[in-house]
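**Student:**
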Amino acid sequence: MTQLAAEASQRTRRVARTRRYLMCPPTHFDVVYSINPWMNPDKPVDGALARLQWDGLLRAFLALGHQVEFIEPLPGYPDMVFAANGATVINGKVLSARFRYEERAAEGPAYLEWFRARGYETREAVHVNEGEGDYLHAGRYLLAGTGFRTDIRSHREAERFFGMPVAGLRLVDPHFYHLDTALAVLDHDQIMYYPGAFSKESQGVLRVLYPDAIIATEADAEVFGLNAVSDGRHVLMPPSATHLMDELRERGYEPIGVELSELLKSGGSAKCCTLELRAGRS
Numbered sequence: 001m002t003q004l005a006a007e008a009s010q011r012t013r014r015v016a017r018t019r020r021y022l023m024c025p026p027t028h029f030d031v032v033y034s035i036n037p038w039m040n041p042d043k044p045v046d047g048a049l050a051r052l053q054w055d056g057l058l059r060a061f062l063a064l065g066h067q068v069e070f071i072e073p074l075p076g077y078p079d080m081v082f083a084a085n086g087a088t089v090i091n092g093k094v095l096s097a098r099f100r101y102e103e104r105a106a107e108g109p110a111y112l113e114w115f116r117a118r119g120y121e122t123r124e125a126v127h128v129n130e131g132e133g134d135y136l137h138a139g140r141y142l143l144a145g146t147g148f149r150t151d152i153r154s155h156r157e158a159e160r161f162f163g164m165p166v167a168g169l170r171l172v173d174p175h176f177y178h179l180d181t182a183l184a185v186l187d188h189d190q191i192m193y194y195p196g197a198f199s200k201e202s203q204g205v206l207r208v209l210y211p212d213a214i215i216a217t218e219a220d221a222e223v224f225g226l227n228a229v230s231d232g233r234h235v236l237m238p239p240s241a242t243h244l245m246d247e248l249r250e251r252g253y254e255p256i257g258v259e260l261s262e263l264l265k266s267g268g269s270a271k272c273c274t275l276e277l278r279a280g281r282s
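Set out below in structure tokens:
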């Protein structure tokens, strides 16, 4: 961390803000196909442990005072637990997900119906996008991933619908197939990310937009330390990302370790399980 960042940490008191989240119980969670490098159908999955770990994440949110709503999981869709992929929600407007792989195709309409039934302003996506897996709201910008899942044409669709500038970022390492595996938004103008997951051009964009970003190591990224959820002060994340936790503490954040090792067998952790319901500007 730079001296400037260290001094800023001493001056800044991080402030948590109550959030509303949507989660999906891992009732049908399993690994029965492979659509990313983390998934191995031959590797046993402990469904009971996955539920216990997911419950731990839920309890952590509730203990921090956050509000959580739930969507009913569909039988036959083991990855529906990863609610972040289901849509993108900004200022009460919802852009539906349109999944690249057939194995998850029905999840997009299921999440869209949940929002429609509750009166949200919705748009059914034209181009492939995988919700907050590849769209992260960071202050004035909507950071938008592409390269493995979300179609770059979706970036323009999102920009028009949400009425805010989109900063496109190209992912180049298949282990970090979604933006939320390689970058986390901590607050309005603060992020953390792993440079090696991005193209050289996208690394340059991030350096310009977020010059004081926390830089994760490859080891941090490999244990999904960047698949984290922040309320502006508390950061829920895998406890094995020890270096990243130390960096967060130095910047005035309070990292909270949440073990989700069973869900990581499908390539997801805390952020993947969490879709923020943004009713107004955050």
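With my numbering applied, the sequence shown corresponds to residues 1 to 282, in that order.
Where a beta carbon is used, it is the ideal one built from N, C-alpha and C, also for glycine.
A quick note: this is a predicted structure, and the numbers were derived from the prediction, not measured.
1) Please classify residue 89: is it buried, with 16 or more other beta-carbons within 10 angstroms of its beta-carbon, or exposed?
2) What separation, rounded to the nearest whole angstrom, lies between the Cα atoms of residue 213 and residue 188?
3) Do you know whose CA, among 91, 207, 208, lies nearest residue 163's CA?
4) Taking Cβ positions, are residue 226 and residue 198 nearer each other than 8 Å?
5) Between the stretch 133 to 140 and the stretch 101 to 109, can you find at least three pairs of beta-carbon atoms closer than 8 Å?
6) Do residue 36 and residue 193 count as a contact pair if the criterion is CB distance below 8 Å?
7) Pair every Cβ in the stretch 238 to 246 with every Cβ in the stretch 53 to 73, then say whether three or more of these pairs are closer than 8 Å.
8) Measuring alpha carbon to alpha carbon, tell me which of 61, 24, 41 ends up nearest residue 86.
9) Hey, residue 45 and residue 259: beta-carbon distance below 8 Å or not?
10) Please report how far the alpha carbon of residue 42 lies from the alpha carbon of residue 264, in whole angstroms.
11) With H, G and I counted as helix, E and B as strand and the rest as coil, what does DSSP make of residue 85?
12) Once DSSP output is grouped into helix, strand and coil, what is the label at residue 109?
13) Could you work out which residue in 51, 206, 152, 202 is closest to residue 98 when comparing CA atoms only?
14) Do you know offhand how far residue 210's Cα is from residue 185's?
**Tutor:** Checking against the coordinates, here is how it stands:
1) In summary, residue 89 is buried, with 16 or more beta-carbon neighbours lying within 10 Å of its beta-carbon over all protein chains present.
2) When rounded, the distance between both Cα atoms is 12 Å.
3) Ranking the options by Cα distance to residue 163, first place goes to 91.
4) Between residue 226 and residue 198, the C-beta gap is not smaller than 8 Å, which leaves the two residues out of contact.
5) No, the stretch 101 to 109 is not in contact with the stretch 133 to 140.
6) Not closer than 8 Å, so no.
7) The count of Cβ pairs closer than 8 Å, one atom from the stretch 238 to 246 and one from the stretch 53 to 73, stays below three, leaving the stretches out of contact.
8) 24 is the residue among 61, 24, 41 whose C-alpha sits nearest the C-alpha of residue 86.
9) No; because the gap between Cβ atoms is not below 8 Å, this pair is not in contact.
10) Answer to the nearest angstrom: the Cα atoms are 15 Å apart.
11) The answer is helix: DSSP assigns residue 85 an H, G or I state.
12) When secondary structure is reduced to three states using DSSP, residue 109 falls in the helix class.
13) Per the Cα distances, 152.
14) Here the alpha carbons of residue 185 and residue 210 stand approximately 11 Å from one another.
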